[in-house]
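Numbering (mature numbering (1 follows the signal peptide of the UniProt record, and there is no 0)), first residue to last: -22 to -1, 1 to 384.
Where a beta carbon is used, it is the ideal one built from N, C-alpha and C, also for glycine.
Data block below; observations after.
Structure below.
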């Protein structure tokens, strides 16, 4: 989540004063096109599974979009960078080590806050990462071209997701703590803010569920919950094991956006872009548990079904983590990037999803080096996607389920 940057007009006591807003402020477009989608495998750490091979792409988790696509390569404690799309993806030279280890969620920071200091100086973090160790880290090329810098640390936290909200008191980082079922809030100086006792808490949530990810969508904040194994601390997979709850900008519980049903350890949450076929404008929720992508009416929460491949069966991307809308120069404005920790998280896949028969809407890239990050915001019977990169829309489980959890 990718986590995409979206303006929130109100905020929590600690986020800033304002009037509460409810509802996801977008109406899905009406499309008569069939629910058919094509999956294109573009990058994998395993040779032959995708268009290009990047050995560092192990268990890719969160993604963030600037002029290039940044991916949290959790298994290698790195962030990897890619450009291009369907007709030619490119692995950029930029590699950033994450000192907090095993980066999960990440965001792109368009502002001047979240300053980090390194051997080369200081500057606002262009990208910010969360780690299960409880670390929040930021990267600025001038401060340290090779390493992110720890900006905050919360003892005993297990950060699985990260979102960035713009408020009337400045930007606020929201970090989903899976170990403690909390959403922590940080100001633009990486200070953890004190929030009211019930902030971002679902009062009807079963005790064995915990906050798995957080996302800002329109004027609402969504929190995805997965069942947590108390012995291992991992997410428990299973159909019906999941909730997505909605909160207003003050952190007050609005209601359940989605509950149980086909949810299965949900993590990814994003609005489908325009031109995305039948599900254009829908809220998409990606299941880590079974790799399916579920669509919902963003205003009512009514289920619209799972995305399906060319043969009509639900697409299932094993170990699915994030979904990130493409841009005119990276992937296409009518596409979705996906990241997945294949083979139980021991390998990885990054690719594109677009409506069957649609051509990715891309324009010529600018003359700026693609390795230079942008400070502009962009922004988790089935198929057997064996990673051949053929783009035939046969979806699949990418050679590995996500049932193990992280």
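Would DSSP call residue 321 helix, strand or coil? helix
State the beta-bridge partners of residue 265 as determined by DSSP. 244
Which complete alpha helix (DSSP H) runs does the region 291 to 339 hold, if anything under 4 residues is left out? 320 to 323
Residue from 56, 139 and 207 with nearest C-alpha to residue 124: 56
Between which two residues does the beta strand (DSSP E) carrying residue 394 extend? Within the shown structure, residues of the chain are numbered from -22 to 384, placing residue 394 beyond reach of any answer.
Cutting at 7 Å between CB atoms, please list the residues of its own chain near residue 122, excluding the five before and the five after it. 96, 97 and 98
Between which two residues does the beta strand (DSSP E) containing residue 17 stretch? 15 to 22
In whole angstroms, what is the alpha-carbon distance linking residue 191 and residue 337? 31 Å
Check whether the Cβ atoms of residue 204 and residue 260 lie closer than 8 Å to each other. no
Of all Cβ atoms in chain D, is any one closer than 8 Å to the Cβ of residue 71? Note that chain D does not occur in the displayed structure, where there is just one protein chain.
Buried or exposed by the 16-neighbour rule on C-beta atoms within 10 Å, applied to residue 280: exposed
Please state whether DSSP places residue 206 in a helix, a strand or coil. strand
What does the alpha-carbon distance come out to for the pair residue 231 and residue 225? 5 Å
Environment of residue 185 [buried if 16+ CB atoms lie within 10 Å]: exposed
Since residue 114 and residue 84 should fall inside the 8 Å C-beta cutoff, what is the C-beta to C-beta distance between them, to a whole number of angstroms? So it is not a contact: roughly 10 Å between Cβ atoms.
Please classify residue 374 as buried or exposed, where buried requires at least 16 neighbouring CB atoms within 10 angstroms. With a pLDDT of 42 at residue 374, under the threshold of 50, the modelled position of this residue cannot be trusted; read the value that follows with caution. Buried: at least 16 other Cβ atoms inside 10 Å.
With distance defined between alpha-carbon atoms, name the residue in 265, 27 and 35 nearest to residue 81. 35
Grab the span of the beta strand (DSSP E) containing residue 84 for me, first residue to last. 84 to 86
From 189, 223, 196 and 198, pick the residue whose C-alpha is nearest to that of residue 207; which is it? 189
If you measure between the beta carbons of residue 250 and residue 270, is that distance less than 8 Å? no
Grab the span of the beta strand (DSSP E) containing residue 174 for me, first residue to last. Where residue 174 is concerned, there is no enclosing beta strand (DSSP E), given that its DSSP letter is neither H nor E.
I'd like to know whether the C-beta atoms of residue 39 and residue 58 end up nearer to each other than 8 Å. no
Residues near residue 286 in its chain [Cβ-Cβ closer than 7 Å; skip 5 each side]: 13, 14, 15, 292 and 293
Cα separation between residue 156 and residue 112? 10 Å
Need the endpoints of the beta strand (DSSP E) that residue 151 sits in, please. 148 to 155
Anticipated Cβ contact below 8 Å, residue 154 with residue 137, distance rounded: 7 Å
Nearest to residue 296 by CA position, among 307, 282 and 267, is which residue? 267
Could you tell me which residues DSSP pairs with residue 188 in its beta bridges? 204
Considering only DSSP beta bridges, list what residue 285 is partnered with. Bridge partners of residue 285: none, in fact.
Is residue 167 helix, strand or coil by DSSP? coil
Can you tell me whether residue 33 is helix, strand or coil according to DSSP? coil
Does the beta-carbon of residue 306 have 16 or more other beta-carbons within 10 angstroms, so that it is buried, or is it exposed? exposed
Rounded C-beta distance between residue 2 and residue 277? I'm assuming under 8 Å. 6 Å
If we ignore side chains and look at the alpha-carbon of each, how far apart do residue 10 and residue 263 end up? 22 Å
Rounded C-beta distance between residue 71 and residue 30? I'm assuming under 8 Å. Wrong, their Cβ atoms sit about 14 Å apart, outside the cutoff.
Could you give the DSSP three-state label for residue 139: helix, strand or coil? strand
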